[in-house]
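Presented below is the structure to which this report refers.
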Amino acid sequence: MIEAGRVAVVTGGGRGIGRAIAARLAREGANVAISYRSNDGAAEETAALVREAGVECGIFKGDVSSAEDVEAVFKGVSETFGRLDILVNNAGLTRDNIMLRMKEDEFDEVLRTNLKGTYLCTRAVLRSMVRARWGRIVNISSVVGLVGNAGQANYAASKAGIIGFTKSVAREVAQRGITANVVAPGYVETELTGVLSEEIKQQIRDQIPAGRIGEPEEIAGAVAFLAGEEAGYVTGQTLAVDGGMVMQ
Ligand code: NDP
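At the far end of the sequence shown sits residue 264, using the numbering used here, and the numbering has no gaps.
Structural data, given as structure tokens:
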């Protein structure tokens, strides 16, 4: 459980895995702020789900890859809630291409959003967590960051980068009551993976010991544990939630 009154920020909380995380943290007792980039309707739907749990929700529009936007989002969170205890860096995107064809802007956009976005949002919260001597940072990577994936060199680099980033931050703030951990989902049914053909999805299922694609709520369960009061002695770890696809 999460102590009543704590405030969580979930980036990319409008849709998909981020929505499930926001709803789950709300059910655990946290007030939740979500950030998103452009889809206002989806963000409003997440906010309604969060409020159903009887907690407060704030929605903040901003691009995580822009330092100005991130500053504005976290200023808004601070003015609305007055504190910030939990950060879930979930916003992310793919721009797939094989290396022989990958354009510089496809590489840059993915690194800017997934990795630099994680850095900018972490930077925005860390000082107040240090002051409070309590904090939980959960960064969403991917099993692709652990084992690579043909056609996703940019995405795999960003997701592997998140793991190294998280371990470094975890070491820096471990004595301040702050943990930083990674959840690495396998394949999860969302709009991000909705573009895959049924044939590709079947090929993916064949590689998963559990024999099925994951649900956003299953990722949210792992995040809730790492964000909770009882996970204070877990830091710098990467938890794959992937039906056994990648066993380390
Ligand atoms: P979706 O595409 O369904 O949702 C992405 C969310 O991130 C949206 O709310 C979107 O905002 C937001 N977002 C995207 N870019 C930005 C940005 N630059 N600034 C702010 N918000 C942004 O993705 P998923 O839910 O599937 O993925 C969530 C996370 O999980 C990602 O980090 C992804 O890499 C990771 N992941 C997903 C897997 C999967 O199989 N689905 C597997 C492994 C990891 P808006 O709604 O406004 O567009």
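The beta-carbon is built from N, C-alpha and C at its ideal position, and this holds for glycine as well.
Within a Cβ cutoff of 6 Å, which residues of the same chain sit near residue i, ignoring the five residues on either side of it in sequence?
i, result
"Q168", "D112, V160"
"T96", "G74"
"N130", "G108, S174"
"T110", "Y171"
"I18", "E44, G45, A46, G244"
"G252", "K183, A186"
"T62", "G29, G30, R35, A38, I50"
"T254", "I179, V198, A200"
With DSSP as the reference, identify every bridge partner of residue i, one or two as the case may be.
i, result
"R152", "I102, T195"
"S82", "Partner(s): none; S82 has no beta bridge."
"Y52", "K77"
Check whether the Cβ atoms of residue i and residue j lie closer than 8 Å to each other.
i, j, result
"A59", "V23", "no"
"N155", "V198", "yes"
"G259", "P232", "no"
"A200", "V189", "no"
"I10", "R31", "Because the chain in this structure spans residues 17 to 264, residue 10 falls outside the shown range and cannot be described."
"G133", "S81", "yes"
"G193", "R149", "yes"
Between which residues of its own chain and residue i is the CB-CB distance below 7 Å, once the five residues before and five after are set aside?
i, result
"A88", "G78"
"V93", "V25, A49, G74, F76, L100"
"E207", "R31, G32"
Leaving out the 5 sequence neighbours to the left and right, which residues in its chain are closer than 8 Å to residue i when beta-carbon positions are compared?
i, result
"I235", "I33, A36, I37, I156, V199, P201, V204, V257"
Count the other CB atoms, across all protein chains shown, that sit within 10 Å of the CB of residue i; report buried if there are 16 or more and exposed otherwise.
i, result
"G28", "buried"
"Y52", "buried"
"E215", "exposed"
"V211", "exposed"
"L136", "buried"
"R40", "buried"
"M145", "buried"
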